[in-house]
Amino acid sequence: MRKTIIEGKNIEEIKSKAIEIFKEPEEKLTFEVKNEKKGFLGFGSFITVEVSLNVNASEEGLKFLRKVTSEMGIDAKIEMINNNNEVKYNIYSDSNPLLIGRGGSTIDALQYLTRIVIRNYTDKRIICIVDVGEYKKKRKMQLEILATKVAKEVARTKVEIKLDPMNSYERRVVHAKLSEWRDVFTESVGQEPNRCLVIKPKRK
Amino acid sequence: MLIENLIKTLVEPLVDHQEDIVVKQFEKDNDGYIIYEVIVNKEDIGRVIGKNGSVIQSVRTICYAAAMKNKMRIRINVDHF
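So the protein sequences, as listed, match chains A and B. Just remember that my numbering sits 3 ahead of the position in the first sequence, which is counted from 1. Just remember that my numbering sits 10 ahead of the position in the second sequence, which is counted from 1.
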């Protein structure tokens, strides 16, 4: 979170200092007096003020994504969906494959950096999801179909099957899908980035 | 020119000393890669690299995608003063 403690003689001095530090107009800053020491006839008075930047973190994330896509030379439309502590950015553009990357790697990179930007502006834990052209939605459906298919096979043959390496989100989807199953259970093995999910039959 | 701006945009929100960011483009090396050297303040180097290099790897991934659009091959190095 962007906040600092500034000490000074009076509130005006602190305000001008704060504007210098944050490089933002005064309207965007909030001042909270922590400690006040009264002097005699204006001499020796001393106050400590906590100054914090008062901006909407999800808006900053949106601005960041807009800037990055335009710098990449991509004409993109970004839609922001705000829930209480979850924010989702849907990007629609003419060159989706470029923004998705191999196996969603560029999406993951964008999401990771956007998370850092949001974390800069707020103390709250905000879940941030970036999606390009509904790639993640489609991928989730594919994974669920794959999981069901492989799980059926495992249940029938009683032989465990290892899936291809996947990232944490994709593994989570498969774990969630198969958690209710009676005949199989799931486990992740290996180290990132080659961590993969194994579907095993339940022994009786 | 384009990639330099992109790198700057990506690195800017990560650091405290935004005025110290320098992105420099170098000539193609023998393998045909254009090399970009990113120089940041000494205090910010950890934030830019991230745990196990996760942050700089994300920056690279995005820049590679942008470079691919222009049929370029690039490399990005990070250093401090």
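Backbone N, C-alpha and C fix where the C-beta goes; we use that ideal spot for every residue, glycine too. Source: prediction; values computed, not measured.
Identify every residue that forms a DSSP beta bridge with residue 33 of chain B. As a first step, residue 33 of chain B must be located in the second sequence, where it is residue number 23. The partner list for residue 33 of chain B (beta bridge, DSSP) reads B:48.
Using DSSP bridges, identify the partner residues of residue 87 of chain B. Here the question's residue 87 of chain B lines up with position 77 in the second sequence. Paired residues: B:47.
Comparing the C-beta of residue 59 of chain B with each C-beta of chain A, is any distance below 9 Å? Here residue 59 of chain B refers to the residue found at position 49 when the second sequence is read from its first residue. Cβ-Cβ to chain A under 9 Å: no for residue 59 of chain B.
Nearest-angstrom Cα distance between residue 251 of chain A and residue 50 of chain B? There is no way to answer for residue 251 of chain A, as the model of chain A reaches only from 4 to 207.
Residue from A:165, A:185, A:204 whose Cα sits closest to the Cα of residue 191 of chain A: Locating residue 191 of chain A in the first sequence gives position 188, counting from the first residue. Of A:165, A:185, A:204, the residue nearest in Cα terms is A:165.
Does DSSP put residue 125 of chain A in a helix, a strand or coil? Numbered from 1 along the first sequence, position 122 holds the residue referred to as residue 125 of chain A. If DSSP states are grouped into helix, strand and coil, residue 125 of chain A belongs with coil.
Around the C-beta of residue 196 of chain A, are 16 or more other C-beta atoms found within 10 angstroms, so that it is buried, or is it exposed? Taking the first residue of the first sequence as 1, we reach residue 196 of chain A at position 193. Residue 196 of chain A should be labelled exposed.
CA-to-CA distance, residue 76 of chain B to residue 83 of chain A, given in whole angstroms: Within the first sequence, residue 83 of chain A is the residue found at index 80, counting from 1. Within the second sequence, residue 76 of chain B is the residue found at index 66, counting from 1. Roughly 23 Å between the two C-alpha positions.
Within this structure, are the beta carbons of residue 72 of chain A and residue 8 of chain A separated by less than 9 Å? Residue 72 of chain A sits at position 69 when you count from the first residue of the first sequence. Residue 8 of chain A sits at position 5 when you count from the first residue of the first sequence. Cβ distance not < 9 Å, so residue 72 of chain A and residue 8 of chain A don't count as in contact.
Note down, in chain order, every chain B residue with its Cβ under 9 Å from the Cβ of residue 101 of chain A. Sequence index remark: in the first sequence, residue 101 of chain A carries index 98 (1-based). In chain order: 75, 76, 78, 79.
Under a three-way DSSP split, which group does residue 144 of chain A fall into? Taking the first residue of the first sequence as position 1, residue 144 of chain A is located at position 141. Residue 144 of chain A: helix per DSSP, three-state reduction.
Can you name, in chain order, every residue of its own chain whose Cβ lies under 8 Å from the Cβ of residue 107 of chain A, other than the five neighbours on each side? As a first step, residue 107 of chain A must be located in the first sequence, where it is residue number 104. 138, 139, 142, 170, listed in sequence order.
Option nearest residue 134 of chain A by Cα separation, candidates A:56, A:36, A:65: Locating residue 134 of chain A in the first sequence gives position 131, where the first residue counts as 1. The option with the nearest alpha carbon to residue 134 of chain A is A:65.
Neighbour flag for residue 69 of chain B against chain A, beta carbons, 9 Å: For the purposes of this step, residue 69 of chain B is identified with residue 59 of the second sequence, where counting begins at 1. Chain A contact via Cβ: present.
Using a threshold of 9 Å, state whether the C-beta atoms of residue 112 of chain A and residue 67 of chain B are closer than that. As a working note, residue 112 of chain A is residue 109 in the first sequence. As a working note, residue 67 of chain B is residue 57 in the second sequence. Against a cut-off of 9 Å, the Cβ pair of residue 67 of chain B and residue 112 of chain A comes out as a contact.
Run the CB neighbour count on residue 117 of chain A, radius 10 Å, all protein chains shown included, and call it buried at 16 or more, exposed below. The residue given as residue 117 of chain A occupies position 114 in the first sequence. Buried, by the Cβ-count rule.
Please name the residue in A:70, A:87, A:86, A:88 whose C-alpha comes closest to that of residue 94 of chain A. Your numbering for residue 94 of chain A matches position 91 in the first sequence. Minimum Cα distance to residue 94 of chain A is reached at A:70.
What does a CB cutoff of less than 6 Å around residue 20 of chain A pick up in its chain, not counting 5 residues either side in sequence? Within the first sequence, numbered from 1, the residue matching residue 20 of chain A stands at position 17. The residues are 9.
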